[in-house]
Every structure is written in structure tokens, then in C-alpha cells.
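Undergrad:
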Amino acid sequence: ETGVTQSPTHLIKTRGQQVTLRCSSQSGHNTVSWYQQALGQGPQFIFQYYREEENGRGNFPPRFSGLQFPNYSSELNVNALELDDSALYLCASSSRREYNEQFFGPGTRLTVL
Amino acid sequence: KQEVTQIPAALSVPEGENLVLNCSFTDSAIYNLQWFRQDPGKGLTSLLLIQSSQREQTSGRLNASLDKSSGRSTLYIAASQPGDSATYLCAVPKGSNDYKLSFGAGTTVTVRA
Numbered sequence: 660e661t662g663v664t665q666s667p668t669h670l671i672k673t674r675g676q677q678v679t680l681r682c683s684s685q686s687g688h689n690t691v692s693w694y695q696q697a698l699g700q701g702p703q704f705i706f707q708y709y710r711e712e713e714n715g716r717g718n719f720p721p722r723f724s725g726l727q728f729p730n731y732s733s734e735l736n737v738n739a740l741e742l743d744d745s746a747l748y749l750c751a752s753s754s755r756r757e758y759n760e761q762f763f764g765p766g767t768r769l770t771v772l
Numbered sequence: 087k088q089e090v091t092q093i094p095a096a097l098s099v100p101e102g103e104n105l106v107l108n109c110s111f112t113d114s115a116i117y118n119l120q121w122f123r124q125d126p127g128k129g130l131t132s133l134l135l136i137q138s139s140q141r142e143q144t145s146g147r148l149n150a151s152l153d154k155s156s157g158r159s160t161l162y163i164a165a166s167q168p169g170d171s172a173t174y175l176c177a178v179p180k181g182s183n184d185y186k187l188s189f190g191a192g193t194t195v196t197v198r199a
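Chains A and B are the protein sequences, given in the same order.
Per my numbering, residue 660 is the first one in the first sequence, and the count goes up by one each step.
Per my numbering, residue 87 is the first one in the second sequence, and the count goes up by one each step.
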């Protein structure tokens with residue numbers, strides 16, 4: 660069984676640029692959620708995708724957008740990067756057949772200069 | 087809005103001592119509760135998932151209890167080891183079809199050899 664994978668591991672961007680982060684869900688999982696974790700804080704929910712449709716969104720502006728593909732992998736896109744977007748971005752996959760237990764990937768560390 | 091609090095924020099114990107980590111949540115209408123471990127700069131590793139109908143869950147040296155009515159969960163780690171040093175986070179989703187986890191800020195544990 661393959662776990663959740665994310666790419667890239669680290670990324671450095673400058674303010675105003677755009678970034679795309681990628682996530683492959685665990686085998687058999689059709690739901691992907693994205694979280695932002697600032698240093699010293701718990702993760703904050705960004706949005707979730709279920710069977711290629713957005714299924715809920717947290718308190719993040721529209722410049723945070725996403726996609727889910729037919730193989731259930733997902734992308735997180737952030738436009739017009741701001742300094743405060745610097746964080747660890749975590750992807751989690753889950754399945755209702757497994758009591759919604761969330762399995763997280765290793766994260767992408769984004770630094771905005 | 088679900089608020090999750092973890093006390094204490096940090097804990098330092100000598101090797102061999104038992105650890106007690108606390109988690110409280112404001113809305114008792116939860117579907118389950120999940121405990122995670124996070125090593126510095128890394129993703130989250132799921133430790134235990136407790137369904138709302140369960141009172142506790144055990145895995146090896148780990149035991150987690152859940153009291154929905156009082157909005158509390160406790161994670162016990164028996165006979166701590168230096169390898170247990172990490173940040174421990176608890177998280178709850180709101181409902182059965184809600185995968186959006188609300189996290190506490192975590193308890194950072196240091197086990198001294």
C-alpha cells in the first residue's frame with residue numbers, strides 16, 4: 660500500500676509569484692484535504708476534494724485554489740503569494756470506508772521572500 | 087465553531103516516566119477524534135483514532151480515552167523513551183460527512199535520557 664506523497668519537498672518563491680503543490684492520495688482513498696501549518700501552530704483547513712469536486716473550504720481567500728484528478732491526486736495552487744503564505748502545506752487523504760481516518764503526507768515547506 | 091485546546095503546550099520528562107497529554111474541544115457533536123505525532127518539519131503520523139461511540143483506544147504503549155460529554159480526550163504514553171520526543175496533536179471533525187479537521191496547537195514533548 661502506497662502512502663500519501665507530496666511534491667516538491669521545499670520551495671522558495673518571491674512575493675507576487677504563483678505556486679503549485681502536488682499530492683498523491685493513499686491507495687483506495689477518494690478524498691483529499693489540504694492544510695496550512697504556520698510555525699508553532701496546528702494545521703488550518705484550506706479545502707477538501709471528494710471525487711473531483713470541492714467539498715468544503717476553510718477561511719482562505721480565492722487566490723488559494725485546487726483541483727482533484729480522476730486518479731484522486733490533487734493540486735493546490737496559490738496566486739499572488741504573500742509573505743504570510745510561508746508555511747508547511749500538508750495534504751491528507753481519507754476514505755469513508757475507513758471511518759474517515761486522515762493520513763497525511765510529509766508536507767511541502769513553502770518560503771515566500 | 088469548534089475550538090480545540092491542548093494543555094500543556096510543552097512537557098519535559100525523564101525517560102521511563104508516563105506521559106499524560108490533554109485535549110479539550112468545545113463542540114461535543116464529534117464523529118471521531120484523532121491523535122497525531124509530528125516530528126520537527128515533518129508531516130503528521132496518525133497514532134490513534136477513537137470513534138465517537140468508543141471510550142478508549144489502545145496501540146502498544148499508547149492509550150487514548152474519549153469523554154464526549156465533557157469535551158475531553160487524554161493520550162497516555164507509558165514508559166516514555168527519548169524516541170517519543172515530538173509534538174502531539176489532537177484533531178476532531180464536526181460530523182459524519184465532515185472530513186475537515188479542527189486541530190489543537192499541540193503539546194511538544196521532550197523525553198530526557
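Each residue gets a CB set at the ideal place from its N, CA and C atoms; glycine is no exception.
(1) Note down, in chain order, every chain A residue with its Cβ under 8 Å from the Cβ of S132 of chain B.
(2) Could you pull out every residue in the same chain whose Cβ sits closer than 7 Å to the Cβ of Q676 of chain A, ignoring the five residues on either side in sequence?
(3) L742 of chain A to R681 of chain A, Cα distance in whole Å?
(4) Could you pull the start and end residues of the beta strand (DSSP E) that A123 of chain B belongs to?
(5) Note down, in chain order, each residue of its chain lying with its Cβ closer than 8 Å to the Cβ of G157 of chain B, except the 5 sequence neighbours on either side.
(6) I need the boundaries of the beta strand (DSSP E) containing H669 of chain A, first residue and last residue.
(7) Please check if any C-beta of chain B sits within less than 8 Å of the C-beta of L749 of chain A.
(8) Should Y708 of chain A and S733 of chain A be called a contact, given that it needs their Cβ atoms to be closer than 8 Å?
(9) My assumption, with CB atoms under 8 Å, is that Y117 of chain B sits in contact with S145 of chain B. Please give the rounded CB distance.
(10) Might you give, ordered along the chain, the residues of its own chain that have their beta carbon closer than 7 Å to the beta carbon of C745 of chain A, omitting 5 neighbours on each side?
(11) Buried or exposed for Q702 of chain A, going by 16 or more other Cβ atoms inside 10 Å?
(12) Enumerate in chain order the residues of its own chain whose CB-to-CB distance from N738 of chain A is below 7 Å, with the five nearest sequence positions on each side excluded.
(13) Three-state secondary structure (DSSP) at P765 of chain A?
(14) Counting contacts by CB-CB distance shorter than 8 Å, is A191 of chain B in contact with chain A?
(15) Compute the distance between the beta-carbons of V90 of chain B and G190 of chain B, then report whether it is under 8 Å.
(16) Kindly indicate the opening and closing residues of the beta strand (DSSP E) around Y748 of chain A.
(17) When you compare the CB positions of P100 of chain B and R198 of chain B, do they come within less than 8 Å of one another, or not?
(18) Label N759 of chain A either buried or exposed according to how many other C-beta atoms from any shown protein chain fall within 10 Å of its C-beta, with 16 as the threshold for buried.
(19) Are the beta-carbon atoms of S752 of chain A and V663 of chain A separated by less than 8 Å?
(20) Give me the Cβ distance between T193 of chain B and P94 of chain B, rounded to the nearest whole Å; I'm assuming they're in contact under 8 Å.
(21) Given that a residue counts as buried once 16 or more other Cβ atoms are within 10 Å of its Cβ, and exposed if not, what is T668 of chain A?
TA: Concretely, from the data shown:
(1) Within the second sequence, residue 132 of chain B is the residue found at index 46, counting from 1. Correct list: E760, Q761, F762 and F763.
(2) On the first sequence, position 17 is the one that residue 676 of chain A refers to. Cβ neighbours of Q676 of chain A beyond the five flanking positions: L740.
(3) Taking the first residue of the first sequence as 1, we reach residue 742 of chain A at position 83. Taking the first residue of the first sequence as 1, we reach residue 681 of chain A at position 22. Each residue's alpha carbon lies about 21 Å from the other.
(4) What you label residue 123 of chain B is simply residue 37 of the second sequence in a count that begins at 1. First, the residue type needs correcting, since residue 123 of chain B is Arg and not Ala in the sequence shown. That run of the beta strand (DSSP E) goes N118 to Q124.
(5) One-based indexing of the second sequence puts residue 157 of chain B at position 71. Once the five neighbours on either side are set aside, the close Cβ partners of G157 of chain B are S110, F111, T112, D113 and S114.
(6) In the first sequence, the residue the question calls residue 669 of chain A occupies position 10. Residues H669 to K672.
(7) Stepping through the first sequence from its first residue, residue 749 of chain A is reached at position 90. Yes, L749 of chain A counts as interfacial toward chain B.
(8) Here residue 708 of chain A refers to the residue found at position 49 of the first sequence. Here residue 733 of chain A refers to the residue found at position 74 of the first sequence. It is a contact, given that the beta carbons lie within the stated cut-off.
(9) The residue given as residue 117 of chain B occupies position 31 in the second sequence. The residue given as residue 145 of chain B occupies position 59 in the second sequence. Actually they do not touch by this definition, with Cβ atoms about 20 Å apart.
(10) Walking along the first sequence from the start, residue 745 of chain A turns up at place 86. Looking at the sequence itself, residue 745 of chain A is Ser, so the reference to Cys does not match. For S745 of chain A, where only same-chain residues beyond five positions count, the Cβ hits under 7 Å are L769, T770 and V771.
(11) Position 43 of the first sequence, counted from the start, is the residue given in the question as residue 702 of chain A. Note on residue identity: the sequence assigns Pro, not Gln, to residue 702 of chain A. Buried, because 16 or more other Cβ atoms sit within 10 Å of the Cβ of P702 of chain A.
(12) Locating residue 738 of chain A in the first sequence gives position 79, counting from the first residue. Result list for N738 of chain A: Q677 and R722, in chain order.
(13) For the purposes of this step, residue 765 of chain A is taken as the residue at position 106 of the first sequence. Correct three-state label for P765 of chain A: coil.
(14) Numbered from 1 along the second sequence, position 105 holds the residue referred to as residue 191 of chain B. Chain A contact via Cβ: present.
(15) Your numbering for residue 90 of chain B matches position 4 in the second sequence. Your numbering for residue 190 of chain B matches position 104 in the second sequence. Yes; because the gap between Cβ atoms is below 8 Å, this pair is in contact.
(16) Indexing the first sequence from 1 puts residue 748 of chain A at position 89. Element bounds for Y748 of chain A: A746 to S753.
(17) Taking the second sequence and counting its residues from 1, the one referred to as residue 100 of chain B is at position 14. Taking the second sequence and counting its residues from 1, the one referred to as residue 198 of chain B is at position 112. Their beta carbons are under 8 Å apart, which means P100 of chain B touches R198 of chain B by this criterion.
(18) Taking the first sequence and counting its residues from 1, the one referred to as residue 759 of chain A is at position 100. So N759 of chain A ends up on the buried side.
(19) On the first sequence, position 93 is the one that residue 752 of chain A refers to. On the first sequence, position 4 is the one that residue 663 of chain A refers to. Yes; because the gap between Cβ atoms is below 8 Å, this pair is in contact.
(20) Locating residue 193 of chain B in the second sequence gives position 107, counting from the first residue. Locating residue 94 of chain B in the second sequence gives position 8, counting from the first residue. Correct: roughly 6 Å between the Cβ atoms.
(21) By one-based count along the first sequence, residue 668 of chain A stands at place 9. It is exposed - the Cβ of T668 of chain A has fewer than 16 other Cβ atoms within 10 Å.
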